[in-house]
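Q: Here it is: the structure, laid out below.
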Amino acid sequence: MTPATTSRYSFQYRARSAYLFLLVPLVLFTLFRNLPLLVAFIISLMDWDIVGSAKWVGFKHYLDLLKDHNFRTAFWNTIFFTVGTVPAALAGGLFFAMVIEARFIKFRAGFRTLFFLPVVSSMVAIATVWNWIYNPLFGILNQLTQQMGLGRFGWIADDRMALVSIMIVAIWKTIGYNMIIYMAGLNGIPQVYYEAAAIDGATRWQSFRHVTWPMLRPVTFFLVVMGIINSFQVFDLVYVLTSGAMKDSTNVLVFYLYHKAFAEMNLGYASAIGYYIFILILGVTLVQFWSNRRKEG
10 MTPATTSRYS FQYRARSAYL FLLVPLVLFT LFRNLPLLVA FIISLMDWDI
60 VGSAKWVGFK HYLDLLKDHN FRTAFWNTIF FTVGTVPAAL AGGLFFAMVI
110 EARFIKFRAG FRTLFFLPVV SSMVAIATVW NWIYNPLFGI LNQLTQQMGL
160 GRFGWIADDR MALVSIMIVA IWKTIGYNMI IYMAGLNGIP QVYYEAAAID
210 GATRWQSFRH VTWPMLRPVT FFLVVMGIIN SFQVFDLVYV LTSGAMKDST
260 NVLVFYLYHK AFAEMNLGYA SAIGYYIFIL ILGVTLVQFW SNRRKEG
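Position one of the sequence shown corresponds to residue 10 (my numbering), numbered consecutively onward.
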C-alpha cells in the first residue's frame, strides 16, 4: 500500500469517526429540541385535560384563539410591553456604556459589576424585592412620593399602572446586559475613525451619529432580536409581582398559556397559544434579519 493510499484511508477513518461523535449530540438535540415541538403541535390539535382521554379537534383551538378576548388582551399587552421595554433598555444600556467608557470615569470594573448584578440575579428574587418597593402601604416608592407631595400610588395594585410598573422592573434588569454588550462593541471601534472625525472638525454628536452608531449596528440588531424574544416570553416577573392573579391589565401571552395549561388544565388550548407565540417570535425575527440585510446591502 502506497503512502498516498494510506493517507487517504486515514483521512476517511478520521472523517467517519468525526461523524460518529457528531451523531450523538445531533440525536440528543433532535430528541430534546425538535420532538417536543412535534408533540406540542399534536397536543394543540386535541382537547385534552391530562386526566381524561384526548379528543381530536383539528385546528379548532387556533380558530377559537382568534375570537378569544383574553388572548387578544394578552397579545396587545405583550406588544405594549415589548415596545415599551426594548427601546428603553437599549437606550439606557448604550447611555451607561458610553458614560462608563468615558476617559474621566474611574472604577470602571466596579460600575460594570454594579450594573450587571441584576442580570445574574434570580428574577423571582428581583420581583420579590420590587414587590416590597411597590407596596402601596409601606413601600419605599410611596414614601418618596409622599415626601415630594405627590401622594400615594397603587403601582401593581392599580390596573392603570400595573403593566407599566412591571415594565420598569424589566428595563432595570435588562439595562446591565445591554450595557455590557454595548461596551464590547465600543471597544471594538478603531480609534482611528474618531481621530479622523476630529481632524474633519466633527462635534461629539456628529462623531456619535456618523461613527459610533453605524459601527454599533450589528450589536444593536442582536440586542433588539434578543430583547423582542425575551419580551414575548416574559412570565416569571408578571407572575410574582401580581401574585399569580389573572387580570386584564397584566395578562401577557406566556402567563395566559400558563393559566390555560395549569389552572384550567386545557393542554390543547395552551399548546396552540405556545405555537402562536412561536410564530410571532419567528416572524418578528425574520423581519429584523430582512431589514438588517437591506441596510447592509
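Glycine included, each C-beta is placed from N, C-alpha and C at the ideal position.
These numbers come from a predicted model, not from an experiment.
In terms of alpha-carbon separation, which member of Leu295, Val178, Phe38 lies closest to valine 128?
A: Your numbering for residue 128 matches position 119 in the sequence shown. Per the Cα distances, Val178.
Q: Just to confirm, are isoleucine 237 and threonine 39 a CB contact at a threshold of 8 Å?
A: Here residue 237 refers to the residue found at position 228 when the sequence shown is read from its first residue. Here residue 39 refers to the residue found at position 30 when the sequence shown is read from its first residue. Taking 8 Å as the Cβ cut-off, isoleucine 237 and threonine 39 do not qualify as a contacting pair.
Q: Quick check on the DSSP output: the alpha helix (DSSP H) that includes lysine 182 runs from which residue to which?
A: In the sequence shown, counting from the first residue as 1, residue 182 sits at position 173. That run of the alpha helix (DSSP H) goes 171–196.
Q: Can you tell me whether threonine 122 is buried or exposed, with buried defined as 16 or more other CB within 10 angstroms of its CB?
A: The residue given as residue 122 occupies position 113 in the sequence shown. Threonine 122 comes out exposed.
Q: Which residue or residues does DSSP assign as beta-bridge partners of methionine 55?
A: Within the sequence shown, residue 55 is the residue found at index 46, counting from 1. In DSSP, methionine 55 forms a bridge with Trp65.
Q: When you compare only the Cα positions, how much space is there between alanine 134 and alanine 27?
A: Translated into positions along the sequence shown, residue 134 becomes position 125. Translated into positions along the sequence shown, residue 27 becomes position 18. Approximately 44 Å, taken between the alpha carbons.
Q: Starting from the Cα of alanine 171, find the closest Cα among Thr251, Phe30, Ile190 and give me that residue.
A: One-based indexing of the sequence shown puts residue 171 at position 162. That would be Thr251, whose Cα lies nearest to the Cα of alanine 171.
Q: For valine 228, collect the residues of the same chain with a Cβ closer than 7 Å to its Cβ; drop the 5 residues on either side in sequence, then sort them by chain order.
A: Looking up residue 228 in the sequence shown gives position 219. Excluding sequence neighbours, valine 228 sits near Ile190, Tyr191, Gly194.
Q: Mind reading off the beta-carbon distance from phenylalanine 241 to leucine 266? Whole number of angstroms is fine, and I expect it under 8 Å.
A: Residue 241 sits at position 232 when you count from the first residue of the sequence shown. Residue 266 sits at position 257 when you count from the first residue of the sequence shown. Between leucine 266 and phenylalanine 241 the Cβ distance is about 11 Å, and since that is not below 8 Å, they are no contact.
Q: In three-state terms, what does DSSP make of phenylalanine 50?
A: Taking the sequence shown and counting its residues from 1, the one referred to as residue 50 is at position 41. It is helical.
Q: Look up phenylalanine 244 in the DSSP assignment and say whether it is helix, strand or coil.
A: Counted from its first residue, the sequence shown places residue 244 at position 235. Residue state, collapsed to three classes: coil.
Q: What whole-angstrom Cβ distance do asparagine 260 and alanine 83 have, given they're in contact under 8 Å?
A: As a working note, residue 260 is residue 251 in the sequence shown. As a working note, residue 83 is residue 74 in the sequence shown. Going by Cβ atoms, the distance from asparagine 260 to alanine 83 rounds to 5 Å, so yes, they are a contact pair.
Q: Three-state secondary structure (DSSP) at proline 199?
A: The residue given as residue 199 occupies position 190 in the sequence shown. Residue state, collapsed to three classes: coil.
Q: Classify serine 280: buried if its beta carbon has 16 or more other beta carbons within 10 angstroms, exposed otherwise.
A: Mapped onto the sequence shown, residue 280 falls at position 271. It counts as buried.
Q: So which of Asn86, Phe50, Val36 has the shortest CA-CA distance to phenylalanine 264?
A: Walking along the sequence shown from the start, residue 264 turns up at place 255. Selected option, being the one with the closest Cα: Asn86.
Q: Using only the alpha-carbon positions, how far apart do phenylalanine 298 and proline 96 sit?
A: Reading the sequence shown from its first residue, position 289 is the one you call residue 298. Reading the sequence shown from its first residue, position 87 is the one you call residue 96. Cα to Cα, the separation comes out at about 18 Å.
Q: Thinking methionine 55 and valine 66 are a contact (beta carbons under 8 Å), I'd like their distance in whole angstroms, please.
A: Position 46 of the sequence shown, counted from the start, is the residue given in the question as residue 55. Position 57 of the sequence shown, counted from the start, is the residue given in the question as residue 66. Confirmed, about 6 Å.
Q: Rounded to whole angstroms, what's the CA-CA distance from glycine 277 to tryptophan 57? Just pull it up for me.
A: To locate residue 277, count along the sequence shown from 1; it is residue 268. To locate residue 57, count along the sequence shown from 1; it is residue 48. Taking the straight line joining both Cα atoms gives about 6 Å.
Q: Looking at the secondary structure, which residues open and close the alpha helix (DSSP H) in which valine 92 lies?
A: Position 83 of the sequence shown, counting from 1, holds the residue named residue 92. Taken as a continuous stretch (DSSP letters only), the alpha helix (DSSP H) holding valine 92 covers 78–109.
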